[in-house]
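Numbering (our numbering), first residue to last: 25 to 441. Backbone N, C-alpha and C define an ideal beta-carbon position, used for all residues, glycine too. Since this is a predicted model, take the numbers as computed values, not measurements. Notes follow once the structure below has been shown.
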Ligand SMILES: Nc1ncnc2c1ncn2[C@@H]1O[C@H](COP(=O)(O)OP(=O)(O)OP(=O)(O)O)[C@@H](O)[C@H]1O
Ligand SMILES: [Mg+2]
């Protein structure tokens, strides 16, 4: 068996192999060991499929084609059985996941110069909150994909446990840690006892005290910021002349959500919007929405919003440039406004972290350290909310985008090395 560790993430992915017996991440996007989980089907060059940074760059360069991001979100949603139009063909969304996973495997095989047959696959603690059957189905679908791309041996490890194994490599002494992996699609928590002596134990079951997770992540923050700061400029919340009705809002939600952006580009929506522009109190705003649908600018908005969100981790205010919709159009955003827009989500993170500590049979003060990892752990309001669940803990952070991939590869070494 030649094994790898695979972190298929909502926003970013990584894959690691054993080289000379040691775990290393494979270059998967040029020289990079981290690849945006993005696939672009280029309609201008028939049959051309691009991955990662070049998928995004080609899309933003205004090639005609279809960009897919946040594919993992689909696994935990009713869209798991849906198809999407790729040119003239209808393709299952799970087939697009397969195309991406196949790409990762082939990159890792080229790097290691051997075929990979076993995978230690990451998974969130919960793909779906409060629905065990749907949650099990998501893992089944991923396992089926892994089989189809050529892994005969597939096992799953919770992503925060993998992050814990990575953190543990640098831990000096024995401690009880709350791992908080806040990613693009999910937030995952593990309470675990770690330490230099425990690290080499073949079975860690006794050290893992509890796992908890919820379907909250950076892509939700993007949606909420978009609905708060950008969509109102496209007419969300504005009124129609007749009967004082508000603009229907379903389309705005789809457009503000990474995994459903492509669904908004329909002829019916264009027809509907032409009528709504004619009946709107603020037609100039609704006309912007019509332009976005016609010219398929949804992902451009989503990237702009994501950049603005990331800027707000450091700054109190940010202006989101929307000049691809209209000259000099800017959407102002502030840290305070963003924190309010995501308050229900950060509250949920606080409750999930607290529940994880309780499930471990511990009190908040029993947690020595909170280890933050995952890109969305950089949001200040996220850290504050989670830190409240263990107020006396020391805060540690690191390898935000790679800890899970490295930990999974370490586990592959333990199992197959
Ligand atoms: N400085 C930052 N401030 C706020 N958010 C950030 C920052 N940097 C990255 N992010 C967000 O982090 C998310 C990606 O994090 P990460 O790569 O850990 O997720 P993932 O592993 O792909 O997702 P998941 O584990 O949920 O499947 C994105 O939503 C991105 O916008
Ligand atoms: Mg992750």
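Item	Value
Quiz: which residues have CB nearer than 5 Å to ligand 1 non-hydrogen atoms	33, 34, 35, 36, 207, 208, 209, 210, 241, 242, 330, 334, 337, 398, 399, 400, 402, 403 and 425
Buried or exposed by the 16-neighbour rule on C-beta atoms within 10 Å, applied to residue 68	exposed
Buried versus exposed call for residue 70 [16 or more other C-beta atoms within 10 Å across all chains shown]	exposed
heavy atom of ligand 2 below 7 Å from residue 428 C-beta	yes
Local conformation of residue 206 per DSSP, three classes	strand
C-beta atoms of residue 141 and residue 175 nearer than 8 Å	yes
Where residue 147 falls, given that 16 or more other Cβ within 10 Å makes a residue buried	buried
Nonlocal neighbours in the same chain, by C-beta distance under 7 Å from residue 115, ignoring five residues either side	107 and 108
Check: residue 183 C-beta below 7 Å from any heavy atom of ligand 2	yes
Nearest-angstrom Cα separation, counted from residue 398 out to residue 216	18 Å
Contiguous beta strand (DSSP E) assignments of at least 3 residues, all confined to the stretch 289-377	341-345 and 354-358
Beta-ladder partner(s) of residue 263, from DSSP	270
Spatial distance of residue 403 from residue 266 (CA atoms)	42 Å
6 Å Cβ shell around residue 232 - same chain, five flanking residues per side excluded	216
Local Cβ density within 10 Å of residue 214, reported as buried at 16 or more and exposed below that	buried
Check whether residue 149 and residue 184 have beta carbons under 8 Å apart	yes
Beta carbon of residue 144 nearer than 8 Å to that of residue 353	no
Where residue 276 falls: helix, strand or coil (DSSP)	helix
Those residues which DSSP pairs with residue 47 across a bridge	42
Nearest-angstrom Cα separation, counted from residue 285 out to residue 333	18 Å
Rounded separation between residue 392 and residue 197 - CA only	11 Å
Any non-hydrogen atom of ligand 2 within 7 Å of residue 236 CB	no
Ligand 2 heavy atom lying under 7 Å from the CB of residue 66	no
Three-way DSSP call (helix, strand, coil) for residue 256 in this model	helix
At least 3 beta-carbon pairs within less than 8 Å: the stretch 292-311 vs the stretch 320-330	no
Cβ-Cβ distance between residue 443 and residue 49 below 8 Å	In the structure displayed, the chain extends from 25 to 441; residue 443 sits before or after that span and is not available.
Nearest-angstrom Cα separation, counted from residue 28 out to residue 40	5 Å
Nearest to residue 320 (by Cα), restricted to the options 293, 424 and 306	293
For residue 434, the first and last residue of its enclosing alpha helix (DSSP H)	427-440
Alpha-carbon spacing of residue 389 relative to residue 242, whole angstroms	28 Å
Distance, residue 203 Cα to residue 290 Cα	43 Å
Distance between beta carbons of residue 44 and residue 441, contact taken as under 8 Å	In fact, because the Cβ distance is near 11 Å, the residues do not count as touching under 8 Å.
For residue 268 and residue 124, the rounded distance between their alpha carbons	47 Å
Residue 409 vs residue 373 beta-carbon contact at 8 Å	yes
Length of the line joining the Cα atoms of residue 81 and residue 336	23 Å
Residue from 154, 89 and 26 with nearest C-alpha to residue 238	154
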